Each structure stands twice: as C-alpha cells, then as structure tokens.
Amino acid sequence: MSWRTLLATFRRRTQTWPMPVRVAVGVIATGLSVGVAATLVTELLHLIQHLAYGYTDETFLLGVEHADPLRRVLAPTLGLGLAGLAWMWLRRRRLPQVSEACGPKARRLPLGRTTADALLQILAVGTGASIGRERAPRQIGAALASVLSSVLGIGRDTRRRLVIAGAGAGLAVVYNVPLSGVIFGAEVLAGGFGLSGLAIFVPVSLVAVAVSWPVLGMNSVYQLPAGDLDATTLIWALAAAPLCALVGAGFDRLVRWCGRWRPQPTWRLPVATALAGLAVGVAAIWWPSLPGNGKGIVQLGLAGGATALTFALLLVLKPVATAVTAGSGVDGGFLTPALGTGAALGAAVAMAGLSAGQNWPVATFTLIAAVGVLAATQRAPWFAAVFGWELARPSIAMLGVLVVVAWGTALIARRLPWTAQAAPKAEPKQ
C-alpha cells in the first residue's frame, strides 16, 4: 500500500471526528513534526559546515578562520554550484511560496518539492553562501502543516492559521526562540495578533521548540555580557534609529535590485551561483566572518573581536555579498544577514568610540543596531525586538530598549522616499 493510499484512508476516517478534535490533533501533530524536521535540518546544516570547512567542535566562525585559504574559496564555489545545478532541475515547474499558503486562498504546498528546495538552501548556507538559513525550516514547517491540514480535512481559514504556525515554529526551532516564532507568524505572515490565530500559533511553537531541546539544547544563540543600562546605552538607542533605518533601507533596496537579475533555470543558473560562491570565498580569505548567514559577524561584534575599520568594511560587504548571492539565484532568508549588517554598524560605532577614549559597551551597541536594521528590513518591529532579545536573552529592561529602537527604526524607514513603493511584507524578503 502506497503512502498516498494510507493518507487517503486516514483522511476518510478523520472525517467522522468533530472539527475541534481535528484541529487539536492538527496543532499537536504540526508542533511535533515541525520540531523533529527543523531539528534534523539544523543537524544537517552543522554536518555540512563541518565537512565543508574541516572542523569539529568549534563554531562556524572559528571553523572558517582555521580553514586554509583554498578551502575558504572552494567550499562555497562547489557548494553553490551544486545547489544551482539541482535548482536548475527543480525550478522547471514553479514552486508555490509560503506566502501563498498563508494568504486568503491558503494554497497547498507540495511536501516533496518544498523539502527538496529547503535542503538545497541548507547545502548553500552550510558551504558558505551569504544568505539566511531560516527560510528552509519555515518552508518545511509550512508544508508539513499544509499536508496535515489536508489529511485532517481542516477548513481553509484554520488551515491557513496552521500553516502560518508551522512556518513560525520552524524559525523558532532553529534559533530556540519560541516567542519569536509566535510573533513572526502573527506580525509578519498573518498581519495581526488575532486571538484565534494566537490560539494556534502559541502551542505549535512551544511544542516544536520543546521537541528540539534534547538534541539542540536550551541555550541562547548568543551570549551577551552582563551589564546594567546606562545613559550611554539609552543615548545610542535614540541615535541608532535613523542610522539603522538608512542602513536597513539600503540593504533592502540592494537585495531587491540584484533580485531582478536572477537567472532562469538554464545553464546560466549554476554558473551564476558558482560565481557568487567564488566571490564570497575569495572575500572570506580576508574576512572569515563574511560566509554564512551573518551569525559570525554578530558573534564578532558581541565579543568586540575586531577593529572599527573591519566592522565598517563588513557593514558594506555583508549586504553586497547577500545581494549578489540572492541575485545569482540562491534561495534563502534575509533575517540573519540583516542582523549581521546591523551588528557591524553597532560594533563599528562602539569600537570607534573606544579608540577615541570613550567607554562604550560594544556588545550592547551591537545588539541594539542589529535589531534596528532587522526592523527596517522586515518592517516588523515587534518581531525584531523580541527576536533580538531571545537570541541573546539580556534583561527585561533591555527588551524595552529594543522595542523602542525597533519601532523608531521601522517608523523612520517607512518614511524614506525610496521605500515608499516597496512591496508588502506578507512574505519576508526571500
């Protein structure tokens, strides 16, 4: 008996269940399945990174730093070239996007092709592509929720909410940010914080993240040095908003412009992706924090591990590398590249202050600017603030500061003339 026959048989039996029971089963099943799937995707990413750069127990940043120059060049060139070859075949038929499954018509997502696309994204990011890794688990989470909703015979409106919850839970698992997964679904994908949606988003995200803890652990992604809020931090929070708005809007505009040049699924696609990997690999000889999703830059900024000039260069190089990678045809997210760009901004300012004799807290400046640029690129201030807070887990008082920065940056960015005609944010810039 084929799996399609099994699914059809199961669906016929579930039709006799009351709708509340079907929804409850769908919520639990989505949380469990997304938790397992996103955990496996994360472990696969780590495996690819270790193989590509030849390290074992170190972080990705240290792995790239310790790799020889030839390996830094070959890993992204070959990885993105192979991914481009596979995408050339996969994109012969259009793949529905998560935004379509989250829209009013709640289009169904094909699990097989959606998963294949997500795995190619992991291959690209793991070998050094300058693109975010979060789109892959979002896609898989949304596809799993779409299939489960169909099997259970859940209505269109509830299916849409369950798909949004699955996408948010996928993001929540890979970064261990359960609240951010809920807010991402509500603010970015659903467009509002309705109670009917939250009743589904919250349990799905919590179950998925809890499933991942035995394997991925419960630690935060970043470690922020302990410290109290002072006047310098508050002044920087106010001053950072317009700077982050300009940087975020520039990041967004550059990515959109390069996106116009994405090649069609012909021989030009793998050539373009390989060349993008080559460009990132060559740059990585001098800037090993450049490859990957931007996590390395954030870690470097929080630790104050480079000079003001280096961070200033990364402030320019990270958006350029991300835009070139996306424009070559590589799929992926833009959340962590935006965070990395903002982190470079904050760290550059703080390190310049230290050079001038000012005792500016580098880690705090880094986190504030990272959240600000993310709020500008995604136009989602609540998500940006909570995401940054959960990634580093500073004090509750710092969360308040991050909310102010995120909202201030988002409001300023919306009023910049070159962002007035930007497309809606229903699907994060991907």
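Numbered by numbering that gives the first Met the number 0, the letters in the sequence shown go through residues 0 to 429 in order.
Note that beta-carbon positions come from the ideal geometry of N, C-alpha and C, so glycine has one too.
Computed from a prediction, not measured in an experiment: that's the story for all the values here.
| Asked | Found |
| --- | --- |
| Suppose only complete runs of 4+ residues qualify. What are the alpha helix (DSSP H) ranges in the segment 184-253, listed by chain order? | 194-215 |
| On the criterion of 16 or more Cβ atoms from any shown chain inside 10 Å, does N218 qualify as buried, or is it exposed? | exposed |
| DSSP puts G328 in a beta bridge; with which residues? | Answer by DSSP bridge pairing: none, since G328 is not bridged. |
| Under 8 Å, with one C-beta from each stretch per pair, do the segment 304-311 and the segment 101-112 reach the 3-pair mark? | no |
| Count the other C-beta atoms from every protein chain shown that fall within 10 angstroms of the C-beta of M18, then say buried if there are 16 or more, exposed otherwise. | exposed |
| Using C-beta distances below 7 Å, list every residue in its chain close to F183, excluding the 5 sequence neighbours before and after it, in chain order. | G167, L170, F382 |
| With H, G and I counted as helix, E and B as strand and the rest as coil, what does DSSP make of G154? | coil |
| Please state the DSSP three-state secondary structure of G131. | strand |
| For V35, which of R10, L178, V203 has the nearest alpha-carbon? | V203 |
| How should V214 be labelled, buried or exposed, when 16 other C-beta atoms within 10 angstroms of its C-beta is the threshold for buried? | exposed |
| Could you check the C-alpha separation between A349 and P103 for me, to the nearest Å? | 45 Å |
| Can you give me the start and stop residues for the alpha helix (DSSP H) that A85 sits inside? | 68-89 |
| For L118 and D229, I'd like the C-alpha separation in whole angstroms. | 44 Å |
| Helix, strand or coil for E57 per DSSP? | coil |
| Only counting the same chain, and skipping five residues up and downstream in sequence, which positions put a Cβ closer than 7 Å to that of Q138? | V97, T113, D116, A117 |
| Please report how far the alpha carbon of E64 lies from the alpha carbon of G53, in whole angstroms. | 11 Å |
| How about the segment 18-31 and the segment 150-165: do they share at least three Cβ pairs that are nearer than 8 Å? | yes |
| DSSP on W16, reduced to helix/strand/coil? | coil |
| Rounded to a whole number of angstroms, what is the C-alpha to C-alpha distance between W16 and G154? | 13 Å |
| Leaving aside the five residues before and after T8 along the sequence, list all residues of the same chain whose C-beta is less than 6 Å from its C-beta, in chain order. | none |
| Rounded to whole angstroms, what's the CA-CA distance from V432 to W88? Just pull it up for me. | Since the displayed the chain opens at 0 and closes at 429, residue 432 lies outside it and no answer follows. |
| For F192, which residues from the same chain have a beta carbon less than 6 Å from its beta carbon, with the 5 sequence-adjacent residues on both sides left out? | A185 |
| Using DSSP with H/G/I as helix, E/B as strand and the rest coil, what is Q120? | helix |
| Alpha carbon to alpha carbon, how far is K294 from S145? | 30 Å |
| Are there 16 or more other CB atoms within 10 angstroms of the CB of G111, so buried, or fewer, so exposed? | exposed |
| When you compare only the Cα positions, how much space is there between L50 and P287? | 17 Å |
| Does the distance from the CB of D330 to the CB of Q120 come in under 9 Å? | yes |
| Which residues bound the alpha helix (DSSP H) around V400? | 395-413 |
| Could you say which of I284, L373, G352 lies nearest to V72 if we only look at CA atoms? | I284 |
| Given a cut-off of 9 Å on the beta-carbon distance, is the pair W86 and P264 in contact? | yes |
| Measuring alpha carbon to alpha carbon, tell me which residue in S394, P269, V323, T321 is nearest G78. | P269 |
| Quick one, are the C-beta atoms of V404 and C243 less than 9 Å apart? | yes |
| Straight-line CA distance for V385 to L398? | 7 Å |
| Quick one: what's got a C-beta closer than 8 Å to K317's C-beta in the same chain, skipping five residues either side? | S129, L289, G293, I296, P336, G339, T340, A343 |
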